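Heads up, the thing below is written out as structure tokens.
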Amino acid sequence: MALMTGEQYVESMRKLNLEVYMFGEKIENPVDHPILRPSLNSVKMTYDLAQIPEHEALMTVTLPDGRKINRFNNIHMSTDDLRNKVKMQRLCGQKTAACFQRCVGMDAFNAQYSTTYDIDQKYGTHYHENFKKYLHYIQETDFTVDGAMTDPKGDRSLAPHAQADPDLYLRVVERRDDGVVVCGAKAHQTGIINSQEVIVMPTIAMGPDDKDYAISFAVPTDAEGIFMIIGRQSCDTRKLEGSQIDVGNSEFGGVEALTVFDHVFVPNDRIFLNGETEFAGVLVERFAGYHRQSYGGCKVGVGDVLIGAAAVAADYNGAAKASHVKDKLIEMTHLNETLYCCGIACSAEGQPTESGNYLIDLLLANVCKQNVTRFPYEIARLAEDIAGGLMVTAPSEKDLKDPKIGPVVEKYLKGISTVSTENRLRILRLIENLTLGTAAVGYRTESMHGAGSPQAQRIMIARQGNLAKKKKLAKAIAKIEE
Ligand code: SF4
Ligand code: FE
451 MALMTGEQYV ESMRKLNLEV YMFGEKIENP VDHPILRPSL NSVKMTYDLA
501 QIPEHEALMT VTLPDGRKIN RFNNIHMSTD DLRNKVKMQR LCGQKTAACF
551 QRCVGMDAFN AQYSTTYDID QKYGTHYHEN FKKYLHYIQE TDFTVDGAMT
601 DPKGDRSLAP HAQADPDLYL RVVERRDDGV VVCGAKAHQT GIINSQEVIV
651 MPTIAMGPDD KDYAISFAVP TDAEGIFMII GRQSCDTRKL EGSQIDVGNS
701 EFGGVEALTV FDHVFVPNDR IFLNGETEFA GVLVERFAGY HRQSYGGCKV
751 GVGDVLIGAA AVAADYNGAA KASHVKDKLI EMTHLNETLY CCGIACSAEG
801 QPTESGNYLI DLLLANVCKQ NVTRFPYEIA RLAEDIAGGL MVTAPSEKDL
851 KDPKIGPVVE KYLKGISTVS TENRLRILRL IENLTLGTAA VGYRTESMHG
901 AGSPQAQRIM IARQGNLAKK KKLAKAIAKI EE
């Protein structure tokens, strides 16, 4: 089975024995939990879209051996592949208005593919074979894989081995003939509760003393010793109220979890890096590069929904013809498409690696993500401007539906006469969801810190920007001879 349907995906998640905690309790059935289910639906969309003929070309890839796989499990073998990846992510963002979580696995696969090859070239290890075998398994099962990079990191001024608590970076605690045992945690794990597998990678460049921390591997998410603690999102408990309007986006969402690895065994054939410390930084740089490209797709798709919502709100207010409103919608579109330009550009300028797969242009991918740390905030600000204050002062769905209060709400919160108050509130709640509610986690703060905080991109931009060449250009024009 190389392609699962959405329903088969949901059923396969049901079969997992995940250890998930939320609000201090163990969640026995995360698949059907009202707070968590929307995040599963977002991942399910990556399966559903692959079944629709109209989207098949974008959502699937036919490999040279004839196997048809979901593009989320693809190794990019051309700049076309890289571009199609971004287009697919924009589509998924448009259909969910949320983080659909499956990109971290795809980005991990592509970073692992070239890095394991490079390590083997230098050390004669067998990581690339291990990884290819694993990838084949994932492509066949059509599983969703979480790419787990971010360690808790403790004191940021200290290297992994120098932390007061040695578990603040995930590490090997026991080496056996048949594998290793690891301890530690990965923070902010997008979608881990909706993934069948997890690929763990180091989070920073490492020195020779960090050998035990330079470890990368894959395990099932329900492997013994793994447990997850769900992160709170603003307005998350609205999902427990049974209201469709107040949550803004009743069907889709994202989810993050602190994931703990308490003495988890990893068999040898699932290890992709083990002590070759100088490759930790390479893996981080490549994974981060791919994920910074990703944001030029997914956030743009979510931005499309937010721009559309702002335009609908303007229509319902009778303000659509106001020149300043039109101009704000143009500005939002300009910002959003600028992000898309960056995602497409770093893809189009991609280059093959030694291993054969394609890497994005790292400078452009970092510029892409740097813009993502800013533009969604401005788009959100403009959406709030157009929406008006009612977005945060409107009464609840229960008031609207109440026999006594409802008609009053209906009467006084009406916009143009041809549109119901209910529809007006629906669109305002969607804007609230994206800018202040559960989806703001993905659209705002994740835009800031996901795939690395702004300073991480500035370091890469400084490294890749080739200032020396630019100085030479200036001196040549100014006829300076030294
Ligand atoms: Fe994919 Fe975007 Fe979510 Fe990252 S933030 S997993 S790129 S949807
Ligand atoms: Fe992310």
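In my numbering, the protein residues as written are 451 to 932.
By construction, the Cβ of each residue, glycine as well, lies at the ideal position given by its N, Cα and C atoms.
Keep in mind the model is a prediction, meaning the values are calculated, not measured.
Ranked by how close their Cα comes to the Cα of Leu-541, the residues Phe-473, Asp-531 and Asp-754 have Asp-754 in first place. When beta bridges are read from the DSSP output, Arg-625 appears opposite Val-630. Using a C-beta cut-off of 8 Å, the region 500-515 makes no contact with the region 755-765, since fewer than three inter-stretch Cβ pairs fall below that distance. Excluding residues up to 5 positions away in sequence, Tyr-497 and Gln-501 lie with their Cβ nearer than 7 Å to the Cβ of Thr-455 in the same chain. Here Ile-665 carries a strand assignment [DSSP, helix/strand/coil].
Contact between the region 583-598 and the region 520-536 is present, with at least three C-beta pairs closer than 8 Å. By the neighbour-count definition (other C-beta atoms within 10 Å, threshold 16), Asn-916 is an exposed residue. A direct Cα-Cα distance of roughly 52 Å separates Leu-466 from His-774.
CA-to-CA, the gap between Val-481 and Lys-921 works out to about 57 Å. The three-state reading of DSSP puts Pro-845 in coil, since its state is none of H, G, I, E or B. Going down the chain, each residue whose beta-carbon is closer than 6 Å to a heavy atom of the ligand FE shows up: Thr-640, Glu-896, Gly-900 and Ala-901. Its Cα nearest to that of Asn-491, the residue Ile-643 stands out among Ile-643, Asp-617 and Cys-685. By the beta-carbon neighbour count (other beta carbons within 10 angstroms, threshold 16), Gly-900 is buried. Sequence-distant partners of Pro-845 (beyond 5 residues in either direction) whose C-beta falls short of 7 Å from its own C-beta, in its chain, are Val-859. Note that the C-beta distance between Lys-661 and Gly-725 is below 8 Å. With 16 or more other Cβ atoms inside 10 Å of its own Cβ, Tyr-577 counts as buried.
Membership of Leu-723 in the beta strand (DSSP E) is indicated by the continuous run 721-724.
Val-732 sits close to Asp-568, with the two beta carbons spaced by under 8 Å. The residue among Arg-894, Met-463, Ala-926 and Met-898 with its C-alpha nearest the C-alpha of Asp-672 is Met-463.
Taking 8 Å as the cut-off, the Cβ atoms of Ala-707 and Gln-639 count as close. In its chain, beyond the 5 residues on either side, Glu-882 and Leu-886 have a beta carbon closer than 8 Å to the beta carbon of Val-842. Counting only runs of 4+ residues, no alpha helix (DSSP H) is found wholly inside the region 643-700. Between the region 650-664 and the region 739-746 there are fewer than three C-beta pairs closer than 8 Å, too few to call the two in contact. About 27 Å separates the Cβ atoms of Cys-633 and Glu-896, ruling out a contact at the 8 Å cut-off.
In terms of side-chain proximity, the C-beta atom of Gly-838 is found no nearer than 7 Å to any non-hydrogen atom of the ligand SF4. One thing to note: Leu-756 has its Cβ within 8 Å of the Cβ of Ile-829.
Among the bridge pairs identified by DSSP, Gln-801 is matched with Leu-809. Counting other Cβ atoms within 10 Å of its Cβ, Pro-853 stays below 16 and is therefore classed as exposed. Taking C-beta atoms under 8 Å as the contact rule, His-526 and Tyr-808 qualify, at a distance of about 5 Å.
Taking all protein chains in view, the Cβ of Gly-768 is surrounded by fewer than 16 other Cβ atoms within 10 Å, so the residue is classified as exposed.
Annotation: the continuous beta strand (DSSP E) that includes Asp-712 extends over 706-717. Put simply, the region 784-792 does not touch the region 700-720. Fewer than three CB pairs are less than 8 Å apart. By the beta-carbon neighbour count (other beta carbons within 10 angstroms, threshold 16), Asn-873 is exposed.
Remark: the shortest separation between the CB of Val-554 and any heavy atom of the ligand SF4 falls under 7 Å. With contacts defined as CB atoms closer than 8 Å, Leu-499 and Ser-797 fail to qualify as a contacting pair.
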